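Protein chains: 2
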Amino acid sequence: MATGRVAEQAVTGRVPRRRARGECRMAQILEAAAEVFHTVGYEGATTNAIAARAGISPGSLYQFFGNKDEIVRALIETYVVGLGAAHVAALDGEDLAALSLDDLVGRVLDPLVRYNREHRAFKALFARTDMPRALSEATGPLHEAMLQRVVALLTARAPQSSPADLRHAAIVAIQLVKALMPMIAVDDMTESERYRRELHLLLVDYLSRVEGS
Amino acid sequence: MATGRVAEQAVTGRVPRRRARGECRMAQILEAAAEVFHTVGYEGATTNAIAARAGISPGSLYQFFGNKDEIVRALIETYVVGLGAAHVAALDGEDLAALSLDDLVGRVLDPLVRYNREHRAFKALFARTDMPRALSEATGPLHEAMLQRVVALLTARAPQSSPADLRHAAIVAIQLVKALMPMIAVDDMTESERYRRELHLLLVDYLSRVEGS
DNA sequence: CGACAATACGAGCAAACGCTCGTGTTGTCG
DNA sequence: CGACAACACGAGCGTTTGCTCGTATTGTCG
Chain G
1 MATGRVAEQA VTGRVPRRRA RGECRMAQIL EAAAEVFHTV GYEGATTNAI AARAGISPGS
61 LYQFFGNKDE IVRALIETYV VGLGAAHVAA LDGEDLAALS LDDLVGRVLD PLVRYNREHR
121 AFKALFARTD MPRALSEATG PLHEAMLQRV VALLTARAPQ SSPADLRHAA IVAIQLVKAL
181 MPMIAVDDMT ESERYRRELH LLLVDYLSRV EGS
Chain D
1001 MATGRVAEQA VTGRVPRRRA RGECRMAQIL EAAAEVFHTV GYEGATTNAI AARAGISPGS
1061 LYQFFGNKDE IVRALIETYV VGLGAAHVAA LDGEDLAALS LDDLVGRVLD PLVRYNREHR
1121 AFKALFARTD MPRALSEATG PLHEAMLQRV VALLTARAPQ SSPADLRHAA IVAIQLVKAL
1181 MPMIAVDDMT ESERYRRELH LLLVDYLSRV EGS
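Here the protein sequences line up with chains G and D, keeping their order. The numbers in the first sequence follow the working numbering, run straight up by one, and end at 213. The numbers in the second sequence follow the working numbering, run straight up by one, and end at 1213.
What follows is the structure, given as structure tokens:
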């Protein structure tokens, strides 16, 4: 139950080799967790399996994460940061209101697809309609971050619409992405590209109706 | 909860009270299972909880179903039958090629929405993008039945399209339904109706593109 | 009735899980 | 060096889960 050791070290300002090794281990564990979540899903993933995949013992794992949910939360945190950065990069310096809807959808969707492909565990944790309590609490921030981002985009493009309508539209758009992402983030590139294009069209059509009304 | 007892009687000519009681118990168990699945989800549902909800002991439960998956399979079987009947009724005697797309979508979607509302466990078992092995095997027949039905509909309306394209379109359509159903099968009727209408529009737009091409 | 099978029970088993704890190892610093 | 804290280990604890088994009850039929 020893907490606060990290804070203590942070205050000292020194970065000894110990700490570097510790952070390396954390990254190791998160990577292993991602692989296990990807292959067997959230409930199928055991902490012992994650430890084994990371090449360490269960005891060592619990020196860095207090419990399974903390691992999930940390992993999701990296997703929030990573995806946020990808989207900022994709929209940086653009005039949101001037972009064609087709272009805008592409700039949001394509990084998301790429991120899904590069982080296979992403959809195992995120793209579910039914979640255990612990998981839905952990993914809450990720959902909220995406929702806020989409709402902000829509607000910039259709300022005359009510916030409630925009939020509603954003929810539908995100659900559409979640529904088709499992078929897009797949190894068969022919199938994948086909579904991606369909989703793209679907989003453009749906959002043009939202902006138009 | 009076099930096929009468039909059984007609076939055998005799009245095996034992057997009638057994079938009643089965229905009791399935109903209890549906309630438990609805409230705590598939993995949260314990066989003991199902037995308790049905008002029987675990031992008794296992006299009718060999294991948890068999319960799920039986429950899904009732869904396949029930939904099939609802859809046959909704499309009975209609000229599929002559119906407007809007009308057709309504006739398929509305019974589905009603069925979801009346069988709350339905989406807990069906509308998931990520499933345990056992559950996805159990829901396989239900997915396949729905897919075949949609493919048949589309084939009747767009015979010039390739079977592969139609199957592909059917998959997308079903995914759209699964994505928005959790927000439709909800108690707040205002919200529910709003999402239902959006899904309806989405499907009409998408399928008109499929038929048009 | 008496024999038998179907039904019902519920304590509890074996396995799996998240997690702990006692012990040993390694890097840091006075 | 010696003391100490972080790191590492892995057997195994406590709990939960799906499921069993020995036993008691009930309906059926010769």
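Don't be surprised by glycine CBs; every beta carbon is placed ideally from N, CA and C. In this text the structure is predicted, and so the values were computed from the model without any measurement.
Which listed residue (the options) has its alpha carbon closest to that of residue i
| i | options | result |
| --- | --- | --- |
| G:ALA158 | G:ALA98, G:PHE126, G:PRO182 and G:VAL108 | G:ALA98 |
| G:MET26 | G:THR46, G:VAL40, G:ARG209 and G:PHE65 | G:PHE65 |
| G:THR129 | D:GLU1198, D:PRO1182, D:VAL1177 and D:LEU1199 | D:PRO1182 |
| D:GLN1175 | D:LEU1109, D:ARG1120 and D:GLN1063 | D:LEU1109 |
| G:THR78 | G:VAL36, G:ARG117, G:PHE122 and G:GLU43 | G:PHE122 |
| D:GLY1140 | D:PRO1058, D:PHE1126, D:THR1046 and D:ARG1149 | D:PHE1126 |
| D:PRO1132 | G:ILE29, G:GLY41 and G:GLU23 | G:GLY41 |
| D:GLU1211 | D:ALA1169, D:ALA1138, D:ARG1194 and D:LEU1202 | D:ALA1169 |
| G:LEU153 | G:LEU166, G:GLU144 and G:HIS143 | G:LEU166 |
| D:ALA1222 | G:ILE171, G:ALA173, G:LEU180 and G:VAL172 | Nothing in the structure corresponds to residue 1222 of chain D, since chain D is present only between 1001 and 1213. |
| D:HIS1087 | D:ALA1074, D:GLY1059 and D:VAL1105 | D:VAL1105 |
| G:PRO23 | G:ALA89, G:ASP69 and G:ALA74 | Checking the displayed sequence, the identity of residue 23 of chain G turns out to be Glu instead of Pro. Of G:ALA89, G:ASP69 and G:ALA74, the residue nearest in Cα terms is G:ALA74. |
| D:VAL1186 | D:SER1208, D:HIS1119 and D:PRO1163 | D:HIS1119 |
| D:ALA1089 | D:ALA1051, D:GLU1191, D:ALA1134 and D:PRO1111 | D:PRO1111 |
| G:ARG209 | D:SER1100, D:LEU1201 and D:ALA1085 | D:LEU1201 |
| D:ALA1085 | D:ARG1196, D:VAL1036, D:LEU1096 and D:ARG1114 | D:ARG1114 |
| G:LEU96 | G:ALA156, G:SER161, G:GLU35 and G:GLN63 | G:ALA156 |
| D:GLU1144 | D:ILE1184, D:ILE1171 and D:SER1161 | D:ILE1171 |
Closer than 8 Å to chain G by CB, residue i
| i | result |
| --- | --- |
| D:LEU1083 | no |
| D:TYR1206 | yes |
| D:LYS1178 | yes |
| D:ASP1187 | no |
| D:GLY1041 | yes |
| D:THR1046 | no |
| D:LEU1202 | yes |
| D:GLU1035 | no |
| D:GLU1137 | no |
| D:ASP1130 | yes |
| D:GLU1198 | yes |
| D:GLN1175 | yes |
| D:PRO1182 | yes |
Rounded separation between residue i and residue j - CA only
| i | j | result |
| --- | --- | --- |
| G:ALA32 | G:ALA49 | 9 Å |
| G:HIS38 | G:GLU198 | 25 Å |
| D:ASP1092 | D:MET1146 | 17 Å |
| G:ASP102 | D:THR1046 | 48 Å |
| D:VAL1081 | D:SER1136 | 18 Å |
| D:GLN1148 | D:ILE1076 | 17 Å |
| D:LEU1203 | G:LYS178 | 17 Å |
| D:SER1057 | D:VAL1072 | 18 Å |
| D:VAL1216 | G:MET189 | No statement about residue 1216 of chain D is possible, as the shown extent of chain D runs from 1001 to 1213 and does not include it. |
| G:ALA124 | G:GLY44 | 11 Å |
| D:TYR1206 | G:ARG117 | 26 Å |
| D:LEU1030 | D:ALA1054 | 8 Å |
| G:SER192 | D:GLU1191 | 33 Å |
| G:TYR195 | D:LEU1061 | 44 Å |
| D:GLU1070 | D:ALA1034 | 13 Å |
| D:ARG1021 | D:GLN1063 | 13 Å |
| D:LEU1083 | G:GLU94 | 48 Å |
| G:ASN67 | D:GLN1160 | 56 Å |
| D:PRO1163 | G:ARG107 | 32 Å |
| G:VAL36 | D:VAL1036 | 28 Å |
| D:GLY1013 | D:GLY1059 | A caution first: D:GLY1013 carries a pLDDT of 33, below 50, which makes its placement in the model too unreliable to give a value. |
| D:ILE1184 | G:SER213 | 22 Å |
Closer than 8 Å to chain D by CB, residue i
| i | result |
| --- | --- |
| G:GLY55 | no |
| G:VAL172 | yes |
| G:PRO163 | no |
| G:ALA214 | Examination of residue 214 of chain G is not possible in this model, given that chain G is present from 1 through 213 alone. |
| G:PRO141 | no |
| G:ALA49 | no |
| G:ALA134 | no |
| G:ALA124 | yes |
| G:GLU193 | no |
Q | Segments of 4+ residues assigned as alpha helix (DSSP H) that fall wholly inside the region 145-208 of chain G | A | As for any alpha helix (DSSP H) of minimum length 4 sitting wholly inside the region 145-208 of chain G, the runs are 163-184, ordered along the chain.
Q: Taking only runs that begin and end inside the region 1018-1057 of chain D, name each unbroken alpha helix (DSSP H) of 4 or more residues, in chain order.
A: Given a length threshold of 4 residues, each whole run of the alpha helix (DSSP H) inside the region 1018-1057 of chain D is given here in chain order: 1047-1054.
Q) Which residue spans inside the region 1076-1128 of chain D form an unbroken alpha helix (DSSP H) run of at least 4? A) Taken in chain order, the complete alpha helix (DSSP H) segments of 4 residues or longer contained in the region 1076-1128 of chain D are 1101-1118 and 1121-1126.
(Q) At a CB distance below 7 Å, what residues from the region 88-114 of chain G approach chain D? Give them in sequence order. (A) Correct list: empty, as no residue qualifies.
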